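For the record, the sequence lines run as chains A and B. Numbering (the numbering used here) for the first sequence: 1 to 569. Numbering (the numbering used here) for the second sequence: 1001 to 1292.
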Amino acid sequence: MSAGAPLLEVSDLTTQFFTRAGVVKAVDGVSFSLRRGEVMGLVGESGSGKSVTGFSIIGLIDPPGRVAGGSVKLEGHELVGLPPDQLRTLRGRVVSMVFQDPLMTLNPVLTIGEQIRLALEAHQKVSAAEARSRAIAGLAQVRIPRPEATVDFYPHQLSGGMRQRVAIAIALLHRPKLIICDEPTTALDVSIQAEILAEMKELVAELGTALIWISHDLATVASIAQHVAVMRLGKIVEAGPTLDVLTRPQHAYTRALLDALPSRAKPGEFLLRGGGVPDAAPPARRPVTAAAPVPGAPYFVADRVSKRFEARPGALCGLGQKLGLVQPPPAVMAVDEVSLVVRRGEALGLVGESGSGKSTLGRMAAGIYAPSSGTVRFEGRPVMSAGAEPKKLTIRVQTIFQDPFASLNPRMRVSDSIAEGPLAHGLVDKAGSAAYVRDWLAAVGLDPAFAERYPHQFSGGQRQRVAIARALAMQPDLVVCDEPVASLDVSIQAQIINLLMRLRAELGLTLIFISHDLSVVRHLCDRVAVMYRGRIVEEGPAGQVYDNPQHDYTKRLLAAVPVLPEAAA
Amino acid sequence: MRKDSPLARFWSEFRESRVAVAALVVVVLMIGVALLAPLIAPQNPYDLANLVLSDARRPPGYVGSGGYTHWLGTDAQGRDLLSAILYGLRISLQMGLVAGAIAFAIGVTLGIAAAYLGGRREAFIMRVIDLQLAFPAILLALVISALLGQGKAQLIAALVAAQYAYFARTAHGAASAERGKDYVEAALSTPLPARQVIWRHILPNCLPPLIVVATVQVANAIALEATLSFLGVGLPVTEPSLGSLIANGFQYMLSGRYWISIYPGLALILLIVAINLVGDQIRDQVNPRLKR
Chain A
1 MSAGAPLLEV SDLTTQFFTR AGVVKAVDGV SFSLRRGEVM GLVGESGSGK SVTGFSIIGL
61 IDPPGRVAGG SVKLEGHELV GLPPDQLRTL RGRVVSMVFQ DPLMTLNPVL TIGEQIRLAL
121 EAHQKVSAAE ARSRAIAGLA QVRIPRPEAT VDFYPHQLSG GMRQRVAIAI ALLHRPKLII
181 CDEPTTALDV SIQAEILAEM KELVAELGTA LIWISHDLAT VASIAQHVAV MRLGKIVEAG
241 PTLDVLTRPQ HAYTRALLDA LPSRAKPGEF LLRGGGVPDA APPARRPVTA AAPVPGAPYF
301 VADRVSKRFE ARPGALCGLG QKLGLVQPPP AVMAVDEVSL VVRRGEALGL VGESGSGKST
361 LGRMAAGIYA PSSGTVRFEG RPVMSAGAEP KKLTIRVQTI FQDPFASLNP RMRVSDSIAE
421 GPLAHGLVDK AGSAAYVRDW LAAVGLDPAF AERYPHQFSG GQRQRVAIAR ALAMQPDLVV
481 CDEPVASLDV SIQAQIINLL MRLRAELGLT LIFISHDLSV VRHLCDRVAV MYRGRIVEEG
541 PAGQVYDNPQ HDYTKRLLAA VPVLPEAAA
Chain B
1001 MRKDSPLARF WSEFRESRVA VAALVVVVLM IGVALLAPLI APQNPYDLAN LVLSDARRPP
1061 GYVGSGGYTH WLGTDAQGRD LLSAILYGLR ISLQMGLVAG AIAFAIGVTL GIAAAYLGGR
1121 REAFIMRVID LQLAFPAILL ALVISALLGQ GKAQLIAALV AAQYAYFART AHGAASAERG
1181 KDYVEAALST PLPARQVIWR HILPNCLPPL IVVATVQVAN AIALEATLSF LGVGLPVTEP
1241 SLGSLIANGF QYMLSGRYWI SIYPGLALIL LIVAINLVGD QIRDQVNPRL KR
């Protein structure tokens, strides 16, 4: 076959799911082709059908789903309609797949070496010694340090990035002609993502493998793929060379996706030309009846706070520790003597990677966790009482959580979720609570008629609006936002960012904004604190930290963020 | 009922299993006839003046001195067995439901309190419950009813003591999982009073597994009560439950007068199997792993 012929030709692929509610066309007439050694990005928001497209290519659609039409030709051979056992001989050998969460795809009770041996034996006969040496070679190829030792590890002994490398090593074992990666770096920190992106690029070039990179993130796709296809509602709305599509988008949807990115707007500017910002103003505040601030005290201060998480020993182990027979497991210092001052009216961004302690610090600031040592004070008074059963003392600090699916009580109408705090603290009386809830729903851009609904009747973005209304209905002065947009699609994320900016200005709120996403923090925050391993390593005005980072870790972090090509003027 | 209300969705899924629907019909019918026993039973089996000794131990279909047919025969005192079963069902269900409800209340309170309080108090409550679960329920119930004597209240105490631990275990597990979720942290960080967090946030979200345990435990309570009554430490002969009816006829089994034991036994089996089938279906429905 000539080098010019396409390796993969997908034409008019249609995948349908036959559900209780009717037929859902997850993939609706998708066509594209891919040459050897080429990298194609498949971009879209959740529900766009990008993952289902990947699964459809290698025949991994389970009932009630079915590939209903179209063709997938690999080197000229039709894959659609192939019997399962013939597909199985292709999977892993000719086409392989890498999934988002390697913890789900690696078997927790087998060592890395055993899993690689099984993957090898699926398609060829190998001796135990040969399998081991192939496994070590495979691990070395994906740049896993000390492969001879790693081969005997279990998945849980490896970090997320290492696990994903193992999954990639397994995908590469049989030198497949095509690899489909489904959101392979979404669960990883940016610095790990940057490493994997760089390694993947090299490997693909070296081995001549074609790659389909499925992602919701335009920037990662831009840094690896030569071609990109943008999907929406099961259809490809725009496709072409990456640079063209991202710098001269033709389709309105692609333009909207790009406009939704905070990294492409000026800090503090409304995204999507103000999309998602409600017309209604938030309800008037009640005059504050709280005690006057302690004179001279900073507005909000965390004074050398630490949080230690100790493993709770079982009864027998505890006895063993007391007798000195068993070593107690080392305690984890999630936050280590951190001091932080927040000024009235400012927005402080708290950035860091997973495990840096930013969420734990945020929860101490919000009065959810009591610090192991040190104090958190708001207007000079402690946020939490000391003692064996610490209680939160102020209602003027409130929290917005990351996951709007988890942070709303699923069995409570949203009107009750929003009203119960204000009712419990006398901010509103029973007679006025219904109107109060409606005003707040309008202020966060929801139809007040939704008040009697349950959380499952809302979309993710709408639920986050409800969660914002619930926090703000307590009439706080300071709001701790813990990754409030991390679980949302970019266009919804842009709307929630707009909403937060608007409400902050209307209500004169002070924000502590926790995020792993540096561009969101830059967009929203005046000042930034960078956390690394439980400490704040750098702190300063946002512009200064981003443009002229001082600490090595900040420099590395900023360098790892994938950058979109600049739009043509 | 609105079409998308949780209850309507639950019912439409429940309806898919014919066995479960049939079992539910049986349960409802049995509760119905038990409630209506004084109206539909041909005879009041508690009224000794009604009993005629010449009617004793007659086989099913015998037309007695009362002028009506004893469809299921009569027992050693000349009692109509159908009436005795209807009244026995009444007592068995009453015992099972009341004991189940009290065990539910005590067990769920302890379980959720343990999960909410944490620390040493949690450890203490749960170890006591573990200790109790290590004893066979029947042994515990036997000891308690032997100590307290016969009577409805005493029997209920014995049943509750044998069963609350299962509720406590389930409630503790569910509440511990809910305790760590964001919406509970959100409620605590508002802050809402502990009472409100427990009643309005933790408890409602713990209910699905507890409802499953409750159905199974009501069936178990009925079986346990029948066992105790059969062994003679349950209810007095003047208030025969299904268990005491079986015990009454036991001595006649080998002399061919099978009906005195067999029919109450069948009623008991039917009731317990039906409740368990309904419970199984509810368990399958609330288990998200089995959701399609």
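In this text, a Cβ means the ideal position worked out from N, Cα and C, and glycines have one as well. In this text, all values refer to a predicted model and were calculated from it rather than measured experimentally.
Taking 9 Å as the threshold (beta carbon to beta carbon), is residue i in contact with chain A?
i               : result
residue 1210(B) : no
residue 1001(B) : For residue 1001(B), the predicted structure reports a pLDDT of 42, less than 50, and the residue's modelled location is therefore unreliable. A value from the coordinates is still provided. Not closer than 9 Å to any Cβ of chain A, the Cβ of residue 1001(B) fails to qualify, so no.
residue 1189(B) : yes
residue 1205(B) : yes
residue 1200(B) : yes
residue 1196(B) : yes
residue 1192(B) : yes
What's the gap between the Cα of residue i and the Cα of residue j?
i               : j               : result
residue 196(A)  : residue 223(A)  : 11 Å
residue 1169(B) : residue 1108(B) : 8 Å
residue 285(A)  : residue 476(A)  : 10 Å
residue 444(A)  : residue 487(A)  : 18 Å
residue 87(A)   : residue 111(A)  : 27 Å
residue 504(A)  : residue 134(A)  : 57 Å
residue 383(A)  : residue 507(A)  : 21 Å
residue 214(A)  : residue 41(A)   : 6 Å
residue 278(A)  : residue 1159(B) : 59 Å
residue 80(A)   : residue 149(A)  : 41 Å
residue 410(A)  : residue 141(A)  : 47 Å
residue 1147(B) : residue 1157(B) : 11 Å
residue 221(A)  : residue 1131(B) : 58 Å
residue 558(A)  : residue 518(A)  : 8 Å
Can you confirm whether residue i, when its beta carbon is compared against all beta carbons of chain B, has any partner nearer than 9 Å?
i              : result
residue 150(A) : no
residue 487(A) : no
residue 395(A) : yes
residue 21(A)  : no
residue 407(A) : yes
residue 516(A) : no
residue 425(A) : yes
residue 399(A) : yes
residue 403(A) : yes
residue 474(A) : yes
residue 307(A) : no
residue 606(A) : The structure shown does not extend to residue 606(A), since chain A is modelled only from 1 to 569, so the question has no answer here.
residue 66(A)  : no
residue 431(A) : no
residue 16(A)  : no
residue 256(A) : no
Name the residue from the options whose alpha carbon lies nearest to the alpha carbon of residue i.
i               : options                            : result
residue 381(A)  : 163(A), 418(A), 300(A)             : 300(A)
residue 451(A)  : 377(A), 119(A), 434(A)             : 434(A)
residue 1097(B) : 1213(B), 1194(B), 1116(B)          : 1213(B)
residue 1053(B) : 1041(B), 1066(B), 1165(B), 1060(B) : 1066(B)
residue 96(A)   : 54(A), 46(A), 297(A)               : 54(A)
residue 73(A)   : 56(A), 334(A), 368(A), 84(A)       : 56(A)
residue 39(A)   : 483(A), 177(A), 354(A)             : 177(A)
residue 1048(B) : 1284(B), 1238(B), 1281(B)          : 1238(B)
For the ligand ADP, any of its heavy atoms closer than 8 Å to the Cβ of residue i?
i              : result
residue 259(A) : As presented, the structure is devoid of all ligands, the ligand ADP included, so that no description of it is given.
Tell me whether the beta-carbon of residue i lies closer than 9 Å to the beta-carbon of residue j.
i               : j               : result
residue 530(A)  : residue 351(A)  : yes
residue 1112(B) : residue 1246(B) : no
residue 981(B)  : residue 1088(B) : The first residue shown for chain B is 1001 and the last is 1292, placing residue 981(B) beyond what the model contains.
residue 1080(B) : residue 1064(B) : yes
residue 479(A)  : residue 398(A)  : yes
residue 509(A)  : residue 524(A)  : no
residue 542(A)  : residue 349(A)  : yes
residue 37(A)   : residue 239(A)  : no
residue 242(A)  : residue 565(A)  : yes
residue 1211(B) : residue 1286(B) : yes
residue 533(A)  : residue 356(A)  : yes
Legend entry - Interface positions of the region 409–420 of chain A facing chain B (Cβ-Cβ less than 9 Å), listed along the chain: Under the 9 Å Cβ criterion, the region 409–420 of chain A contributes 409, 410, 411, 412, 416, 417, 420.
Inset, instruction - With 9 Å as the C-beta to C-beta threshold (strictly closer), list the residues of the region 1163–1185 of chain B near chain A in chain order. - result: Those residues of the region 1163–1185 of chain B that come within reach of chain A (Cβ to Cβ, closer than 9 Å) are 1181, 1182, 1183, 1184, 1185.
Legend entry - Members of the region 353–368 of chain A that neighbour chain B once the beta carbon cut-off is set at 7 Å: Here the close residues are 366, 367, 368.
Inset, instruction - Note down, in chain order, all residues in the region 161–192 of chain A with a beta-carbon under 7 Å from any beta-carbon belonging to chain B. - result: Of all residues in the region 161–192 of chain A, none places a beta-carbon less than 7 Å from a beta-carbon of chain B.
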